[in-house]
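Enquirer: Questions regarding the structure given below will be posed in turn.
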């Protein structure tokens, strides 16, 4: 996709609840806000094939996050080799834009506790949608993710997940878009956001005997 970059498409028709993909994590960290130095140190300890796969993920050097991190770490430039500084910034940028929130599996119906963030070879290239057609679940140790179809999906249809949690998906359109623009630096144009009106701002019409609804922009 010329606008999104790499995306995942369904290879065949899928039914709601059907397993789409199972894959192991390439790299995980306990805290998404980790010190870049600790993050880079942990990254250096993973197998080489995992490193190479991680380094192929989206890491926009022109992004506001990348530039700000360069400025924040400028004080370390005189203490670290240039390639070490580049690794600090690159790994932090990759985790910021691609990291999937790891949620521990639980026995009840509610969401589990966050267990940091992880990088996955295929899950991390899936596009965001505020009405995703796929849902994620994790193994008890959060080292494996299973993706299932949330609804019936046609062959060659794009597979999408939500970069936000369930609570955020119930926010008005402008709140969702503002969060994605601030955190992920893109304007969401998913079908839910691109449509006119806002499905989270629907009110009963009180005009006369009208039984319809009013949807705000």
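In this note's numbering, the protein residues as written are 508 to 724.
Using N, Cα and C, we set each Cβ at its ideal position, and we do this for glycine too.
1. Please identify the residue among 599, 564, 639, 589 whose C-alpha is closest to the C-alpha of residue 575.
2. In the DSSP assignment, what residue or residues form a beta bridge with residue 643?
3. When DSSP labels each residue in this structure, what does residue 638 get in the three-state scheme?
4. Who are the near neighbours of residue 584 in its chain, counting only those whose CB is closer than 7 Å to its CB and skipping five residues on each side?
5. From this set, 690, 699, 525, 597, which residue's C-alpha is nearest residue 677's C-alpha?
6. When you compare only the Cα positions, how much space is there between residue 670 and residue 639?
7. Flag this pair as touching only if the stretch 514-525 and the stretch 651-660 have three or more C-beta atom pairs under 8 Å; answer yes or no.
8. Rounded to whole angstroms, what is the Cα-Cα separation between residue 616 and residue 580?
9. Quick one: is residue 681 buried, meaning 16 or more other Cβ sit within 10 Å of its Cβ, or exposed?
10. When you compare each of 609, 534, 704, 543 to residue 555 by their alpha carbons, which one comes out closest?
11. Go ahead and pull the three-state DSSP assignment for residue 582.
12. In its own chain, which residues sit with a C-beta less than 7 Å from the C-beta of residue 560, not counting the 5 before and 5 after it?
13. Output yes or no for whether 8 Å exceeds the beta carbon distance between residue 527 and residue 666.
14. Measuring CB atoms only, is the stretch 630-648 touching the stretch 605-612, in the sense that at least three cross pairs come out at less than 8 Å?
15. Bridge partners for residue 534 per DSSP, in chain order?
16. Would you decide whether residue 694 is buried or exposed? Buried here means 16 or more other CB atoms lie within 10 Å of its CB.
17. Pick from 577, 646, 563: whose alpha carbon is nearest that of residue 569?
18. According to DSSP, simplified to helix, strand and coil, what is residue 599?
19. Which residue wins for smallest C-alpha separation from residue 567, given the options 697, 707, 691?
20. Considering only the beta carbon of each residue, do residue 624 and residue 641 sit closer than 8 Å?
21. Starting from residue 694 and walking both ways along the alpha helix (DSSP H), at which residues does that stretch end?
22. Going by CA-CA distance only, name the one from 597, 515, 609, 673 that's closest to residue 647.
23. For residue 522, report the span of its alpha helix (DSSP H) as first-last.
Expert: Let me spell this out:
1. Stepping through the chain shown from its first residue, residue 575 is reached at position 68. Of the residues 599, 564, 639, 589, the one whose Cα lies closest to the Cα of residue 575 is 599.
2. Within the chain shown, residue 643 is the residue found at index 136, counting from 1. Under the DSSP definition of a beta bridge, residue 643 partners with 654.
3. Here residue 638 is taken as the residue at index 131 of the chain shown, counted from 1. Annotated three-state conformation of residue 638 is coil, per DSSP.
4. Residue mapping note: residue 584 aligns to position 77 of the chain shown, counting from 1. Here the set comprises 592.
5. For the purposes of this step, residue 677 is taken as residue 170 along the chain shown, with counting starting at 1. If we check each option's Cα against that of residue 677, 699 comes out closest.
6. Here residue 670 refers to the residue found at position 163 of the chain shown. Here residue 639 refers to the residue found at position 132 of the chain shown. C-alpha separation (whole angstroms): 10 Å.
7. Contact check between the stretch 514-525 and the stretch 651-660: three or more CB pairs, one atom from each, fall below 8 Å, which counts as touching.
8. In the chain shown, the residue the question calls residue 616 occupies position 109. In the chain shown, the residue the question calls residue 580 occupies position 73. Because residue 616 carries a pLDDT of 45, less than 50, the predicted location of this residue cannot be relied on, and the following value inherits that uncertainty. Cα-Cα distance, rounded: 42 Å.
9. As a position in the chain shown, residue 681 is number 174, starting the count at 1. Counting Cβ neighbours within 10 Å, residue 681 comes out exposed, since fewer than 16 surround it.
10. Numbered from 1 along the chain shown, position 48 holds the residue referred to as residue 555. Per the Cα distances, 534.
11. Taking the chain shown and counting its residues from 1, one reaches residue 582 at position 75. Residue state, collapsed to three classes: helix.
12. By 1-based counting over the chain shown, the position of residue 560 is 53. The residues are 533, 628.
13. Working through the chain shown from its first residue, we reach residue 527 at position 20. Working through the chain shown from its first residue, we reach residue 666 at position 159. Yes, the pair counts as a contact, with Cβ atoms nearer than the cut-off.
14. By the criterion of at least three beta-carbon pairs nearer than 8 Å, the stretch 630-648 is in contact with the stretch 605-612.
15. Sequence index remark: in the chain shown, residue 534 carries index 27 (1-based). Beta-bridge analysis with DSSP links residue 534 to 626.
16. As a first step, residue 694 is located in the chain shown; it is residue number 187 there, counting from the start. Around the beta carbon of residue 694, fewer than 16 other beta carbons lie within 10 angstroms, which makes this residue exposed.
17. One-based indexing of the chain shown puts residue 569 at position 62. Proximity to residue 569 across 577, 646, 563 peaks at 577, based on C-alpha coordinates.
18. Stepping through the chain shown from its first residue, residue 599 is reached at position 92. Residue 599 sits in a helix when the DSSP states are folded into three classes.
19. Looking up residue 567 in the chain shown gives position 60. When each option's Cα is compared against that of residue 567, the closest is 691.
20. Counting from 1 along the chain shown, the entry for residue 624 is found at position 117. Counting from 1 along the chain shown, the entry for residue 641 is found at position 134. Here residue 624 is not near residue 641, since their CB atoms are 8 Å or more apart.
21. Taking the first residue of the chain shown as position 1, residue 694 is located at position 187. No alpha helix (DSSP H) holds residue 694; DSSP gives it neither H nor E.
22. Working through the chain shown from its first residue, we reach residue 647 at position 140. The shortest C-alpha separation from residue 647 is found at 609.
23. Numbered from its first residue, the chain shown carries residue 522 at position 15. According to the DSSP assignment, residue 522 belongs to no alpha helix (DSSP H), since it is labelled neither H nor E.
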